[in-house]
């Protein structure tokens with residue numbers, strides 16, 4: 001089970017690092033089932049992302065990896081608000 005979690009964390013870290021390298025966002029917000037893991041996932045994820053980011057000192061200071069305040073419901077709420085806005 002530990003190996004599966006490590007593979008999952010690594011795959012997620014690669015994707016997040018690529019997004020940071022391209023867009024230099026201030027925040028990377030995780031939602032859905034990922035958000036339910038909280039710090040249990042965020043700590044190793046941040047550690048895995050750091051060496052993959054170009055200029056990792058800049059990214060560490062300027063990009064936060066965190067969970068969305070709406071947690072696992074963020075996607076559903078966002079979709080509902082988009083549908084309401086487009087109606």
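In UniProt numbering, the protein residues as written are 1 to 87.
In this text, a Cβ means the ideal position worked out from N, Cα and C, and glycines have one as well.
Remember, it's a predicted structure, so these values are computed and weren't measured experimentally.
What three-state label does DSSP hand residue i in the structure shown?
i: residue 9; result: helix
By alpha-carbon positions, which one of the options ends up nearest to residue i?
i: residue 26; options: 81, 15 and 59; result: 59
i: residue 13; options: 36, 4, 49 and 2; result: 49
i: residue 55; options: 4, 38, 17 and 5; result: 17
i: residue 15; options: 69, 65 and 87; result: 65
Is any heavy atom of the ligand FAD found at a distance shorter than 7 Å from the C-beta of residue i?
i: residue 74; result: Inclusion of the ligand FAD in the displayed structure is not the case, the ligand content being empty and no account of it being possible.
What separation, rounded to the nearest whole angstrom, lies between the Cα atoms of residue i and residue j?
i: residue 82; j: residue 75; result: 10 Å
i: residue 80; j: residue 73; result: 11 Å
i: residue 21; j: residue 63; result: 11 Å
i: residue 6; j: residue 67; result: 19 Å
Taking the DSSP output, what are the residues bridged to residue i?
i: residue 28; result: 65
So, using beta-carbon positions, are residue i and residue j closer together than 8 Å?
i: residue 9; j: residue 30; result: no
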